[in-house]
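A.B. asks: Please read through the structure below; I'll follow up with questions.
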Amino acid sequence: MWNNQGGGFDGGGFQSPGGFDTPQQSQEKKGRSRAQNVLPCTVAQVFNATHTDDKFYSDETEMLQVTIVGLVRSVKETQTRLDYEIDDMTGPPIEVKQFVDNDESIPAEERVPSMRENTYVRICGHVRSFGGKRSVVAYNMSPITDMNELTCHMLEIIHSHAFNASSGQNMNQTSYGGDNNMSMNQGSYNSGDSGNILGLTPLQNQIHQVIKNNPSDTGASVVSVCQTLRGIPEKAIKDAIDFLSSEGHIYSTIDEDHYKATDG
Numbered sequence: 002m003w004n005n006q007g008g009g010f011d012g013g014g015f016q017s018p019g020g021f022d023t024p025q026q027s028q029e030k031k032g033r034s035r036a037q038n039v040l041p042c043t044v045a046q047v048f049n050a051t052h053t054d055d056k057f058y059s060d061e062t063e064m065l066q067v068t069i070v071g072l073v074r075s076v077k078e079t080q081t082r083l084d085y086e087i088d089d090m091t092g093p094p095i096e097v098k099q100f101v102d103n104d105e106s107i108p109a110e111e112r113v114p115s116m117r118e119n120t121y122v123r124i125c126g127h128v129r130s131f132g133g134k135r136s137v138v139a140y141n142m143s144p145i146t147d148m149n150e151l152t153c154h155m156l157e158i159i160h161s162h163a164f165n166a167s168s169g170q171n172m173n174q175t176s177y178g179g180d181n182n183m184s185m186n187q188g189s190y191n192s193g194d195s196g197n198i199l200g201l202t203p204l205q206n207q208i209h210q211v212i213k214n215n216p217s218d219t220g221a222s223v224v225s226v227c228q229t230l231r232g233i234p235e236k237a238i239k240d241a242i243d244f245l246s247s248e249g250h251i252y253s254t255i256d257e258d259h260y261k262a263t264d265g
């Protein structure tokens with residue numbers, strides 16, 4: 002796929018930690034961080050991840066959900082599961098399991114089709130270990146129809162690494178691009194987690210952190226978020242909350258004015 006001897010971008014092969022394939026915080030000595038979205042990675046990264054208390058860590062970042070792009074080497078079908086061997090040339094093939102309901106009573110058009118051998122696919126799933134053997138339990142698999150997606154996947158890995166490394170550094174001030182170009186000192190609230198979510202604006206990340214750090218069982222109220230982020234227009238905060246809710250980063254609790262973070 003890329004280089005069967007390279008194991009990624011650092012030329013280290015399977016024995017290396019995977020080079021750029023590990024999004025992480027630069028503050029390694031301050032404790033492990035938690036990936037807040039789907040983590041792009043290589044097969045080598047999965048095999049080299051640290052396994053502690055049923056959790057997997059690539060360097061200091063917890064691997065909650067991963068996405069891998071690779072070649073289907075083999076397929077085994079049963080009524081309840083599809084077993085694959087996926088190879089991305091960074092290490093030995095990894096076993097990927099997809100649980101399905103393909104009973105004979107299910108109409109053919111409703112059954113989950115298996116991926117064909119010798120085709121490239123994207124897998125989204127969770128890393129698991131059973132009997133010392135690591136695998137990925139997939140909740141979504143899709144064929145690659147544009148080979149540019151392979152290159153895009155590697156760029157996503159590099160970007161995630163660079164982004165998490167830079168976002169791990171403490172920033173003295175975060176700017177909000179409103180009409181008055183107002184800025185809010187990060188010290189006005191305790192983030193508790195220096196990691197930002199890819200694709201969110203600074204304001205959306207700030208609001209997500211405020212909601213995530215609220216210890217209440219009912220979650221953070223919209224009023225309390227506005228009080229915490231004084232100086233930012235209420236409409237801008239409510240618009241950001243609506244966006245975070247629609248994207249699945251937060252969810253309402255007792256009513257539409259109280260929210261908790263899905264990764265809290």
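Numbering (our numbering), first residue to last: 2 to 265.
Cβ coordinates follow ideal geometry from the N, Cα and C atoms, glycine included.
(1) Excluding the 5 residues preceding and the 5 following K261 in the sequence, name in chain order all residues of the same chain whose CB lies nearer than 7 Å to its CB.
(2) Within 8 Å of any Cβ in chain D, is that where the Cβ of F48 sits?
(3) Using three-state DSSP, classify I255 as helix, strand or coil.
(4) State buried or exposed for C42, treating a residue as buried only when at least 16 other CB atoms are found within 10 Å of its CB.
(5) Can you check the segment 37-114 for any beta strand (DSSP E) of at least 3 residues that lies completely inside it and give the ranges in chain order?
(6) Take R112 as the anchor and find which of I159, A163, N206, Q80 has the nearest alpha-carbon.
(7) Can you tell me the Cβ-Cβ gap for T73 and T120, rounded? I've got them flagged as a contact below 8 Å.
(8) How big is the Cα-Cα spacing for D60 and A50?
(9) Give the single residue among L156, G132, H127, V122 whose Cα lies nearest to the Cα of Y147.
(10) Between the C-alpha atoms of D84 and L151, what's the straight-line distance to the nearest angstrom?
(11) At what residues does the beta strand (DSSP E) containing I124 begin and finish?
(12) Could you spell out the range, first to last residue, of the beta strand (DSSP E) harbouring N206?
(13) Does the beta-carbon of V67 have 16 or more other beta-carbons within 10 angstroms, so that it is buried, or is it exposed?
(14) Would you mind giving the Cβ-Cβ distance between I145 and V97, rounded to the nearest angstrom? I have them listed as a contact below 8 Å.
(15) Evaluate N191 with the Cβ neighbour count: other Cβ atoms within 10 Å of its Cβ, from every protein chain shown; 16 or more gives buried, anything less gives exposed.
(16) Determine the closest residue to F100 out of M90, D89, V224, S115, with distance taken between C-alpha atoms.
C.D. replies: Judging by the given coordinates:
(1) Cβ within range, chain order: I212, G220, I251, Y252, T254.
(2) The chain inventory of the structure shown lacks chain D, comprising one protein chain alone.
(3) Reduced to three states, the DSSP call for I255 is coil.
(4) By the neighbour-count criterion, in which 16 or more other beta carbons inside 10 Å mark a residue as buried, C42 falls on the buried side.
(5) For the segment 37-114, whole beta strand (DSSP E) runs of length 3 or above, ordered along the chain, are 39-41, 51-53, 56-59, 66-78, 82-88, 95-100.
(6) Ranking the options by Cα distance to R112, first place goes to Q80.
(7) Note that residue 73 corresponds to Val in the displayed sequence, not to Thr. A Cβ-Cβ separation of about 6 Å places V73 in contact with T120 under the 8 Å criterion.
(8) Between D60 and A50, the alpha-carbon positions lie close to 7 Å from each other.
(9) Reading the sequence as shown, one finds Asp at residue 147 and not Tyr. The option with the nearest alpha carbon to D147 is V122.
(10) Those two C-alpha atoms are separated by around 22 Å.
(11) For I124, the enclosing beta strand (DSSP E) stretches over residues 121-131.
(12) First-last for N206: 203-213, but that is the alpha helix (DSSP H), not the beta strand (DSSP E).
(13) Burial of V67 is indicated by the presence of at least 16 other C-beta atoms within 10 angstroms of its C-beta.
(14) The C-beta distance from I145 to V97 rounds to 15 Å, too long to fall under 8 Å, and the pair is not in contact.
(15) For N191, the predicted model reports a pLDDT of 38, less than 50, meaning its position is unreliable and no value from the coordinates is stated.
(16) Cα-wise, what sits closest to F100 is S115.
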